[in-house]
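Position one of the sequence shown corresponds to residue 26 (our numbering), numbered consecutively onward.
All residues carry an ideal CB built from backbone N, CA and C; glycine is no exception.
As the structure is a prediction and not an experimental result, all values here were calculated from the model.
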Amino acid sequence: MKVVKLEDILGTDKEVEGGNWVSRRLISKKDGMGYSVNDTIIRAGTETHIWYQNHLEAVYCIEGHAEVVTLSDNKVHTIKAGTLYALDEHDEHLLRGIEDARMVCVFNPPLSGREIHDENGVYPADLDE
């Protein structure tokens with residue numbers, strides 16, 4: 026069994042700074058679970074273009090307020106504590122931090138833990154451990 030405490034990740038290489046967000050990588054590819062889990066803070070007043078062409082993601086908001094705009098139809102989805110959204114069709118979207126928003130993010134295939142969005146909002150398909 027694996028037990029991970031957020032406090033043990035803070036300030037390590039598992040806490041990845043992305044400018045508009047900071048992501049704490051709780052479970053990654055090397056853990057062999059077949060998915061990864063991140064505890065991510067989306068910063069208030071930011072907008073991030075994201076398009077996970079190589080991953081599926083489910084996101085559960087546990088604090089704060091954000092918006093997701095799906096670019097295929099320009100629909101605005103309000104995201105607050107207790108809301109889950111799933112990018113089940115590799116949806117290209119904008120993620121807006123209305124307030125600081127804390128999200129639990131699950132990725133399949135799993136992230137290695139070092140990914141940063143490229144200029145198109147994409148994570149690479151697979152990074153080595």
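Status (buried if at least 16 other CB within 10 Å, exposed otherwise) for residue i
i, result
"Ser53", "buried"
"Gly122", "buried"
"Glu154", "A caution first: Glu154 carries a pLDDT of 48, below 50, which makes its placement in the model unreliable, though a value can still be read off. Per the 10 Å Cβ criterion, exposed."
"Ala111", "exposed"
"Ala106", "exposed"
Cut-off 8 Å between Cβ atoms - residues of its own chain near residue i, not counting five sequence neighbours on either side
i, result
"Val29", "Leu51 and Ile52"
Segment limits, alpha helix (DSSP H) that includes residue i
i, result
"Leu31", "Leu31 to Ile34"
Residue i, DSSP secondary structure in three states
i, result
"Glu154", "Confidence at Glu154 is low in this model, with a pLDDT of 48, below 50, so the placement of that residue is unreliable and no value is reported for it."
Sequence-distant residues of its chain with Cβ nearer than 7 Å to residue i (five each side left out)
i, result
"His80", "Phe132, Asn133, Pro134 and Tyr148"
N- and C-terminal bounds of the beta strand (DSSP E) containing residue i
i, result
"Thr65", "Ser61 to Ile67"
"Ser48", "Trp46 to Ile52"
Subject >> Secondary structure, beta strand (DSSP E): runs of 3+ residues fully inside the region 69-127 >> reply: Residue ranges of uninterrupted beta strand (DSSP E) with 3 or more members, entirely inside the region 69-127 and ordered along the chain, are 72-75, 81-88, 90-95, 100-105, 109-112 and 118-122.
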